[in-house]
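**Student:** Provided herewith is a single structure, encoded as structure tokens, for subsequent inquiry.
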Amino acid sequence: MTTAQTPQLDVQPSPLALLLLGRGADPRSERGVECPGDLPEPSDPDLVARARAAKEKLGSKVFVLGHHYQRDEVIQFADVTGDSFKLARDAAARPDAEYIVFCGVHFMAESADILTTDDQKVVLPDLAAGCSMADMATAEQVAECWDVLTEAGVADQVVPVSYMNSSADIKAFTGKHGGTICTSSNAERALEWAFQQGEKVLFLPDQHLGRNTAVRDMGMSLEDCVLYNPHKPNGGLTAEQLRDAKMILWRGHCSVHGRFSLESVEDVRERVPGVNVLVHPECRHEVVAAADYVGSTEYIIKTLEAAPAGSKWAIGTELNLVRRLANRFAPEGKEIVFLDKTVCFCSTMNRIDLPHLVWALESLAEGNLVNRIEVDRETEAFAKLALERMLALP
Numbered sequence: 045m046t047t048a049q050t051p052q053l054d055v056q057p058s059p060l061a062l063l064l065l066g067r068g069a070d071p072r073s074e075r076g077v078e079c080p081g082d083l084p085e086p087s088d089p090d091l092v093a094r095a096r097a098a099k100e101k102l103g104s105k106v107f108v109l110g111h112h113y114q115r116d117e118v119i120q121f122a123d124v125t126g127d128s129f130k131l132a133r134d135a136a137a138r139p140d141a142e143y144i145v146f147c148g149v150h151f152m153a154e155s156a157d158i159l160t161t162d163d164q165k166v167v168l169p170d171l172a173a174g175c176s177m178a179d180m181a182t183a184e185q186v187a188e189c190w191d192v193l194t195e196a197g198v199a200d201q202v203v204p205v206s207y208m209n210s211s212a213d214i215k216a217f218t219g220k221h222g223g224t225i226c227t228s229s230n231a232e233r234a235l236e237w238a239f240q241q242g243e244k245v246l247f248l249p250d251q252h253l254g255r256n257t258a259v260r261d262m263g264m265s266l267e268d269c270v271l272y273n274p275h276k277p278n279g280g281l282t283a284e285q286l287r288d289a290k291m292i293l294w295r296g297h298c299s300v301h302g303r304f305s306l307e308s309v310e311d312v313r314e315r316v317p318g319v320n321v322l323v324h325p326e327c328r329h330e331v332v333a334a335a336d337y338v339g340s341t342e343y344i345i346k347t348l349e350a351a352p353a354g355s356k357w358a359i360g361t362e363l364n365l366v367r368r369l370a371n372r373f374a375p376e377g378k379e380i381v382f383l384d385k386t387v388c389f390c391s392t393m394n395r396i397d398l399p400h401l402v403w404a405l406e407s408l409a410e411g412n413l414v415n416r417i418e419v420d421r422e423t424e425a426f427a428k429l430a431l432e433r434m435l436a437l438p
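Going by this note's numbering, 199 is the number at position 155 of the sequence shown; the sequence numbering is gapless.
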């Protein structure tokens, strides 16, 4: 059919499409999606100068945090860079900063608000910068899951362990039910602690990190793990399956790390002879099993720092970071490629662009507080309890 013959279609964007584009709002969502205010044009040649000027005007009143997965145009203005929990702790260590501008996603800004003082204000440049994984477990769904575990007669044996990549509501649920938070670096220690408290673990919301830690690091079998699907009655599990399981994994995943496949690993080994495959533990179990090295974002960076000149690496994590690392280590003769042939950024993380950062900084410089992330007192108290349990891990 030629262009001239193509009929005019009356196609209206769905509410979900508008939500994903940040042009709609879901009042039942655990995160906001509206971004008020007039943003600078991305084509504005003065954006970098404007960001510098606003940041200079704010001085020590502002502290800018930049997650590893951020765009280069944004990361250049970060006072510190790191993973989500490191950045939240860095914010807590700067009580003199009135404004914490978090260039990351919603759950990260929530964690920063929980750990900082009441006088500090955490700002997310775009409220639509969420996390698909964190959004896969809502407070209502997790409460319903606990009811299922109670009806199966196993709730009193279960200790919840929630990944840092979860909403404040999920962290609060974890704290209220005697559980702890974990990062990709200390997931094994968190699980060891949990199994000292109870016989089973409910791992939220990333099934892959939970499975990889239990099976790869702790020697459990895949049969010890069951997958709870919040969209099926009783999670799609029988009471007998829940009673037999050691790990009850929530059906959630990272949309970036979940893209990597065993085929990706096999393909890169053919294309790049002698390559070392280094992946994040949020990847699928078969990918982790086929990799040479597995670890957190900080582990990936440190491994490449220590790698010999001339070594070859295929990295299974977010593309912004991989590209930045490839440029950084190229002068040392280290060849670094993206594990998958398909380009894949974290789409929600990439919502924090230079126009949004400029708008946020200029608004603050003019005395206008925008896009504040504030966790209510009760949620904060229980979420902090779960975080403190993690900090107390040996």
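Cβ atoms here follow ideal geometry from the backbone N, Cα and C, with glycine treated the same way.
What residues match up with residue 327 in a beta bridge as DSSP calls it?
**Tutor:** Paired residue(s): none; residue 327 is not in a bridge.
**Student:** Specify the secondary structure class of residue 226 as computed by DSSP and reduced to three states.
**Tutor:** strand
**Student:** Under 8 Å between the Cβ atoms of residue 335 and residue 319?
**Tutor:** Residue 335 places its beta carbon 8 Å or farther from that of residue 319.
**Student:** Residue 435: buried (16+ other C-beta within 10 angstroms of its C-beta) or exposed?
**Tutor:** Exposed: under 16 other Cβ atoms inside 10 Å.
**Student:** Under 6 Å Cβ to Cβ from residue 65, same chain only, skipping five residues before and after it: list those, please.
**Tutor:** With a pLDDT of only 40 at residue 65, under the threshold of 50, the placement of this residue in the model should not be trusted, and no figure is reported.
**Student:** Below 7 Å, is the gap between the Cβ of residue 239 and the nearest heavy atom of the ligand ZN?
**Tutor:** With respect to the ligand ZN, the structure offers nothing, as it holds no ligand at all.
**Student:** What residues in its chain sit with their C-beta under 7 Å from that of residue 72, if we drop five residues either side in the sequence?
**Tutor:** Confidence in residue 72 is poor, its pLDDT being 39 and thus under 50, which makes the residue's placement too unreliable to answer from.
**Student:** Measuring straight from C-alpha to C-alpha, what distance separates residue 429 and residue 110?
**Tutor:** Residue 429 and residue 110 have their C-alpha atoms spaced approximately 25 Å apart.
**Student:** Determine, using beta carbons only, whether residue 203 and residue 245 come nearer to each other than 8 Å.
**Tutor:** Cβ distance < 8 Å, so residue 203 and residue 245 count as in contact.
**Student:** Following the continuous alpha helix (DSSP H) through residue 291, name the residue where it begins and the one where it ends.
**Tutor:** Residue range 291-294 is occupied by the beta strand (DSSP E) that includes residue 291, with no alpha helix (DSSP H) assigned at that position.
**Student:** Run the CB neighbour count on residue 55, radius 10 Å, all protein chains shown included, and call it buried at 16 or more, exposed below.
**Tutor:** Low local confidence applies: a pLDDT of 35 at residue 55 is under 50, so the model's placement there is unreliable, with the coordinate-based value given in what follows. Exposed, by the Cβ-count rule.
**Student:** Please report the straight-line C-alpha distance between residue 225 and residue 369, rounded to a whole angstrom.
**Tutor:** 28 Å
**Student:** What would DSSP say about residue 402, mapped onto helix, strand or coil?
**Tutor:** helix
**Student:** Tell me whether residue 441 sits in a helix, a strand or coil according to DSSP, three-state version.
**Tutor:** No answer is possible for residue 441: the residues shown for the chain start at 45 and end at 438.
**Student:** With a CB to CB cut of under 6 Å and the five nearest residues on each side skipped, what residues in its chain are close to residue 377?
**Tutor:** 353, 354
**Student:** Please say whether residue 350 and residue 383 have beta carbons closer to each other than 8 Å?
**Tutor:** no
**Student:** Does the beta-carbon distance from residue 154 to residue 419 come in below 8 Å?
**Tutor:** Cβ atoms of residue 154 and residue 419: closer than 8 Å.
**Student:** Go ahead and label residue 374 buried or exposed: buried means 16 or more other beta carbons lie within 10 angstroms of its beta carbon, across all protein chains shown.
**Tutor:** exposed
**Student:** What's the C-alpha gap between residue 257 and residue 141?
**Tutor:** 37 Å
**Student:** With a threshold of 8 Å, are at least 3 pairs of Cβ atoms found where one atom belongs to the segment 410-424 and the other to the segment 126-133?
**Tutor:** no
**Student:** Can you give me the start and stop residues for the alpha helix (DSSP H) that residue 429 sits inside?
**Tutor:** 421-435
**Student:** Which residues mark the beginning and the end of the alpha helix (DSSP H) in which residue 335 is found?
**Tutor:** Run containing residue 335: none; DSSP gives neither H nor E here.
**Student:** Could you pull out every unbroken beta strand (DSSP E) segment of at least 3 residues lying fully inside the segment 158-228, listed in chain order?
**Tutor:** 165-167, 202-207, 224-226
**Student:** Are residue 100 and residue 398 touching if we call contact CB-CB under 8 Å?
**Tutor:** no
**Student:** I'd like to know whether the C-beta atoms of residue 252 and residue 326 end up nearer to each other than 8 Å.
**Tutor:** yes
**Student:** Tell me the residue span of the beta strand (DSSP E) that contains residue 343.
**Tutor:** That residue, residue 343, is in no beta strand (DSSP E); its alpha helix (DSSP H) goes 341-350.
**Student:** Below 8 Å CB to CB, which residues in the same chain sit around residue 287 once its five sequence neighbours on both sides are set aside?
**Tutor:** 196, 197, 198
**Student:** Do residue 345 and residue 322 have their C-beta atoms closer together than 8 Å?
**Tutor:** no
**Student:** With DSSP run on the structure shown, which of helix, strand or coil describes residue 438?
**Tutor:** coil
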